[in-house]
Structures are given as structure tokens and as C-alpha cells.
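Here my numbering is used: the first residue of the sequence shown is 10, the next is one more, and so on.
Just so it is clear, CB atoms sit at the ideal spot from N, CA and C, and this is done for glycine as well.
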Amino acid sequence: MISKGPSYFIAGALAGVLLATVGFTWFVRGLNTPGAAGGAGHVVLKLAHGLDQQHPVHLAMEVFAQRVAEKSAGALQIEIIPNGQLGSETECLEQVQHGALAMTKVSAAPLESFIPEFAVFGMPYLFRSEQHNWDVLDGPIGRELLLKGESAGLRGLCYYDAGARSFYTVDKPILKPDDLKGLKIRVQESPTSMEMVEALGGSPTPISFGELYTALQQKMVVGAENNPPSFYSNRHFEVCKHYSLDEHARVPDILMISPRVWDQLPPPMQAWLQEAADESADYQRQIWREQTEEVLAAVVDKGVAIHRPDQAAFAAKAAPMLAKYDGTPLGDLIRRIKEVP
Ligand code: GCU
Numbered sequence: 010m011i012s013k014g015p016s017y018f019i020a021g022a023l024a025g026v027l028l029a030t031v032g033f034t035w036f037v038r039g040l041n042t043p044g045a046a047g048g049a050g051h052v053v054l055k056l057a058h059g060l061d062q063q064h065p066v067h068l069a070m071e072v073f074a075q076r077v078a079e080k081s082a083g084a085l086q087i088e089i090i091p092n093g094q095l096g097s098e099t100e101c102l103e104q105v106q107h108g109a110l111a112m113t114k115v116s117a118a119p120l121e122s123f124i125p126e127f128a129v130f131g132m133p134y135l136f137r138s139e140q141h142n143w144d145v146l147d148g149p150i151g152r153e154l155l156l157k158g159e160s161a162g163l164r165g166l167c168y169y170d171a172g173a174r175s176f177y178t179v180d181k182p183i184l185k186p187d188d189l190k191g192l193k194i195r196v197q198e199s200p201t202s203m204e205m206v207e208a209l210g211g212s213p214t215p216i217s218f219g220e221l222y223t224a225l226q227q228k229m230v231v232g233a234e235n236n237p238p239s240f241y242s243n244r245h246f247e248v249c250k251h252y253s254l255d256e257h258a259r260v261p262d263i264l265m266i267s268p269r270v271w272d273q274l275p276p277p278m279q280a281w282l283q284e285a286a287d288e289s290a291d292y293q294r295q296i297w298r299e300q301t302e303e304v305l306a307a308v309v310d311k312g313v314a315i316h317r318p319d320q321a322a323f324a325a326k327a328a329p330m331l332a333k334y335d336g337t338p339l340g341d342l343i344r345r346i347k348e349v350p
């Protein structure tokens, strides 16, 4: 269950004291970045992302925004800009870095070009299970990674569940790694995702999520890989009629804030943001599994064949890719993750 924040009344009193203490005009001007704007008695932080508004990760961000508004009695507000309206995830990350945008939600995959450690999530079959994945994200490694990007202008607030990624294709099912041979598969803008598809035998093509539907329709690529809610909410099932649950990677979503904005917020506001992020992450984990099952049933109704291939065959084919990193900093991180019981 989501814990209740301070009552509206207490939050209001606290926000009033806070604004009186720092001086509201100073405070708004003091947020020296175009990504954060002030209005009559409140501060608005823009949060852009690439998902559809039905997606469970978007729903979690709505809970985040609502909790922030409640905790601060309206003094701090989050304006969500969905559907890639402000550009691809890489472009949003750049805007956060430069202070043009206060917050973004991205997949860990494009983050690796900004914070190299995030490449670890692209390693195929690194996690033994969903539980292993959460034990890592909730433990010291996950917390350490959230703060790794501060010097790169990106501070992580929380992880959202993005389940496991699997291949979907226009007309030819992927039942074994050899079926990927010669197939042009869309990947995220991430070198590790490219390496992963190559390791499994396919031909990777990086395309932003917003452009993928058209790319599939025009057969610029004949397949892609993602979790069920994303396959569903962006209607890729209209073009791809085979979904093979090989579950090759668990790449989390991450809510990020510009350290320039964060550092200028008074401690109570930082605490409200962090609490609201944690509460929204709890909520999202509850709805993820349910929604994953629902959308898998829904795509079957729309004529998609779901396949459950032997994952061990894919893991064996991908193993040399992980071994290649032995003795490197990324190899150490892979080892530490494997050692988490
Ligand atoms: C997931 C993830 C998105 C990402 C997408 C992709 O849906 O939640 O943040 O953009 O994968 O494959 O690009």
C-alpha cells in the first residue's frame, strides 16, 4: 500500500513557512533554469517522457505529480509532457543536462551514453529472475547507480518496473536464436542493445521509440523488442503478429531530475519529491504485473500469436557477450550483480 504523506493542512503550513522563509520571489528567480518556472505562489517542474498516457509508467508519473502537489499544498507542481512531445529520450536527457527541462523519465538503455554504468542493464540474461532484478535495484547497487549521473547533470529519483524485453516481429516468429539471422530489428539508442541483438544473431537498427510504428509499417525494420505494455500502448501489435517471450533483458525505467534544479530546492521540497517518487514507484510495481497480463490477453484478441521459446538457448548464445567484459569496470559490475543472492 502507498503510505499517506503529511496531511494537506500540515503540508500547506510547511510550504507557507518555507516560501516565507526563502522569499518566494527569490526562490523562483533562484531556480536559475528555464526548465523550472514560477507562477502565483508555486513552482512548476516540467517532466517529459516518450510513453503513451495509458502506459503504467505514465500512470505512475501521474501519481508522482499528484503526491508532490499534495505534500507541498500546491507550492510545487509537476507538469507531465508525454508521448515524446519534447523529443526522443536522448534529446530529453540532453535538455535535462542543459537545464532546459527539469525532469525526464527514460529507459536505462539510452542513459548509458551519458552514464556508462547503465550499460549493465543491456546485458542479456544478466538477471536470474524478476526478484533478483528488484533485489539489485532496491539494494546498494541500485541506489549507487541512481546517483552516478550527478556530475553528468542527471540525478535519478526512482526506478519504474519495465519488466522483461522480448522480440516481436511482423511475420516470422522468433523461436530460436537462429531465427534472428538476417532480420533487421529495431533497438533503442544504445550501443549495448545493438551488441545484444548482434550477439543473438540479428541485425540491429537504432530508431527512437516515437518513430518505431512507422518504421515497422514501412518495413525499415521487421521486428523490435520490448515489454508487453509498450508493445500494446504504442499499437505495435497492429503491425507485428508474433511476440516471442524470450525475455532477454530487464532494462528498468528511471525518473530523473536535473541536479541544477534539485540543488536549488530547499530540503523540505527535496524530501517531498523523493517521497512522492518512492510512493509512485510502489504504486507502479503493483499495477505492472496486472497490466502485463491484461495486455497479453488483449493482443491475442487482436490476432497476435504469443510464443514461449526455450530461453536457455538464447542465454547460451548471448553468454560470450557478457564474458567479453571480464576484467573491465563493467565486468566488475556484472560480477557484483551476479553475486547478489
Ligand atoms: C520501454 C521504455 C521506454 C523506451 C522504450 C523503447 O517502453 O519504458 O522508456 O522508450 O522501451 O524501447 O524505446
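Under the criterion of a Cβ to heavy atom distance below 6 Å, does G59 qualify as lining the ligand GCU? Translated into positions along the sequence shown, residue 59 becomes position 50. True, at least one ligand heavy atom lies under 6 Å from that Cβ.
Taking 7 Å as the threshold (C-beta atoms), are P119 and E207 in contact? One-based indexing of the sequence shown puts residue 207 at position 198. One-based indexing of the sequence shown puts residue 119 at position 110. Not in contact: E207 and P119 (Cβ atoms no closer than 7 Å).
Run the CB neighbour count on T99, radius 10 Å, all protein chains shown included, and call it buried at 16 or more, exposed below. Locating residue 99 in the sequence shown gives position 90, counting from the first residue. It is buried - the Cβ of T99 has at least 16 other Cβ atoms within 10 Å.
Threshold first: 4 residues or longer. Then list the alpha helix (DSSP H) segments lying entirely within the region 189 to 247, N to C. 200 to 209, 218 to 226, 237 to 242
Assign E302 to buried or exposed, taking buried as 16 or more other Cβ atoms, counted over all protein chains shown, within 10 Å of its Cβ. Here the question's residue 302 lines up with position 293 in the sequence shown. Per the 10 Å Cβ criterion, exposed.
One or two residues paired with I296 in a DSSP bridge: The residue labelled residue 296 in the question sits at position 287 within the sequence shown. Listed as beta-bridge partners of I296 by DSSP are no residues whatsoever.
Does the region 162 to 178 come into contact with the region 261 to 279, if we say contact requires no fewer than three beta-carbon pairs (one atom in each stretch) closer than 8 Å? yes
Apply the 10 Å Cβ neighbour rule to G312 and answer buried if 16 or more other Cβ atoms are within range, or exposed otherwise. Translated into the one-based positions of the sequence shown, residue 312 becomes position 303. Exposed: under 16 other Cβ atoms inside 10 Å.
Within this structure, are the beta carbons of P133 and H251 separated by less than 7 Å? In the sequence shown, the residue the question calls residue 133 occupies position 124. In the sequence shown, the residue the question calls residue 251 occupies position 242. By the CB criterion at 7 Å, P133 and H251 fall outside the cutoff.
Just to confirm, is the Cβ distance from S242 to Q63 under 7 Å? Position 233 of the sequence shown holds residue 242. Position 54 of the sequence shown holds residue 63. Yes, they are a contact pair.
Quick check for students: name the residue ranges of the beta strand (DSSP E) that lie wholly in the region 163 to 192, counting only runs of 3 or more. 164 to 169, 174 to 178
For M278, which residues from the same chain have a beta carbon less than 6 Å from its beta carbon, with the 5 sequence-adjacent residues on both sides left out? In the sequence shown, residue 278 corresponds to position 269, counting from 1. Taking M278 as the centre and dropping the five residues before and after it, the same chain places the C-beta of L85 closer than 6 Å to its C-beta, in chain order.
The alpha helix (DSSP H) that contains M330, what's its start and end? Position 321 of the sequence shown, counting from 1, holds the residue named residue 330. 320 to 332 is the extent of the alpha helix (DSSP H) around M330.
Using beta-carbon positions only, say whether Q293 and P65 come within less than 7 Å of one another. On the sequence shown, position 284 is the one that residue 293 refers to. On the sequence shown, position 56 is the one that residue 65 refers to. Cβ atoms of Q293 and P65: closer than 7 Å.
Between G148 and A332, what straight-line distance do the alpha-carbon atoms span, to the nearest angstrom? Position 139 of the sequence shown, counted from the first residue, corresponds to residue 148. Position 323 of the sequence shown, counted from the first residue, corresponds to residue 332. Each residue's Cα considered, the two are about 24 Å apart.
Tell me where the beta strand (DSSP E) around A347 begins and ends. Taking the first residue of the sequence shown as position 1, residue 347 is located at position 338. Note on residue identity: the sequence assigns Lys, not Ala, to residue 347. It is not in any beta strand (DSSP E) - K347 instead sits in the alpha helix (DSSP H) that spans 338 to 348.
Distance, Cα to Cα, E153 vs E121? Here residue 153 refers to the residue found at position 144 of the sequence shown. Here residue 121 refers to the residue found at position 112 of the sequence shown. Each residue's Cα considered, the two are about 15 Å apart.
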